[in-house]
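In the working numbering, the protein residues as written are 3 to 247. Note that the Cβ used here is the ideal one computed from N, Cα and C, for glycine as well. Reading through the structure tokens given below for one structure.
Structural data, given as structure tokens:
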């Protein structure tokens with residue numbers, strides 16, 4: 003039987019989602035907890051990979067188990083067993099062929115910036131105090147919809163077959179001293195959101211024009227794009243499937 007597990011985590015203490023032999027990951031932590039509680043070896047498959055320090059307000063993963071599960075009871079046990087920076091929301095019985103990664107139709111990320119020193123935001127938002135032109139940055143967001151190949155924003159030497167992504171939503175908004183970038187797409191490349199934000203920071207500073215931004219995308223060259231902003235301001239906030247509400 004296949005089950006989806008819906009969870010969230012603060013990525014500060016983890017070297018990303020994906021299992022690594024010499025570092026603590028979210029996937030490994032969940033595998034160990036499920037294996038102990040279900041008394042058999044469990045290997046979960048995530049909807050995607052988040053890098054070291056990146057957070058997730060909503061993540062899905064799937065695992066297989068031979069007998070029916072009392073979802074409410076297992077959720078309670080997992081939340082008691084797991085460290086405080088990982089929380090389980092639900093465990094959902096799905097079709098045997100359902101896949102947390104390949105069946106996802108839309109993913110949404112947010113990047114958080116605060117423009118004035120904040121004692122409570124140091125681990126969940128990036129402090130950046132230079133004045134930015136958000137109107138220009140939102141114009142740049144509009145240009146993203148004209149393209150599908152985003153190799154220029156991908157981490158080099160990525161083991162992917164295609165750099166194509168369909169972007170559904172991208173915009174900046176400001177609330178006082180807080181800046182929020184939201185972007186949704188059918189898939190994302192490694193480091194893509196952080197590279198887009200870094201490039202748009204340069205647009206907001208007047209260092210890169212909108213025409214230059216299009217040339218960067220068309221170049222398919224990571225070295226032409228801007229810097230990669232710090233991981234701790236990035237959140238995976240939503241993953242959507244056709245068969246989940």
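- At a Cβ-Cβ threshold of 7 Å, residue 108 and residue 186 count as neighbours.
- Residue 116 is positioned such that its CB atom lies no closer than 7 Å to that of residue 125.
- Residue 77 is positioned such that its CB atom lies no closer than 7 Å to that of residue 94.
- When the Cα atoms are used, residue 220 and residue 53 turn out to be separated by approximately 26 Å.
- CA-to-CA, the gap between residue 152 and residue 194 works out to about 8 Å.
- A direct Cα-Cα distance of roughly 27 Å separates residue 199 from residue 63.
- Counting other Cβ atoms within 10 Å of its Cβ, residue 137 stays below 16 and is therefore classed as exposed.
- Contact between the region 159–167 and the region 36–49 is absent: fewer than 3 CB-CB pairs across the two stretches fall below 8 Å.
- Between residue 204 and the set 179, 132, 190, the nearest pair of CA atoms involves 132.
- In this model, residue 110 and residue 21 are separated by some 23 Å (Cα to Cα).
- Boundaries of the alpha helix (DSSP H) around residue 201: 194–206.
- For residue 42, the number of other beta carbons within 10 angstroms of its own is below 16, and it is reported as exposed.
- Where residue 152 is concerned, there is no enclosing beta strand (DSSP E), because DSSP gives it neither an H nor an E.
- Looking at the DSSP output, residue 75 shares a beta bridge with no other residue.
- By the C-beta density criterion, residue 6 is buried, having at least 16 other C-beta atoms within 10 angstroms.
- Here residue 30 has 21 as same chain residues with Cβ atoms under 6 Å from its own Cβ, once five neighbours each way along the sequence are excluded.
- DSSP, read as helix, strand or coil, puts residue 210 in coil.
- For the pair residue 112 and residue 239, the CB atoms are nearer than the 7 Å cut-off.
- Counting every other CB atom within 10 Å of its CB across the protein chains shown gives residue 3 a total below 16, marking it as exposed.
- DSSP places residue 182 within a strand segment (E or B) once states are collapsed to three.
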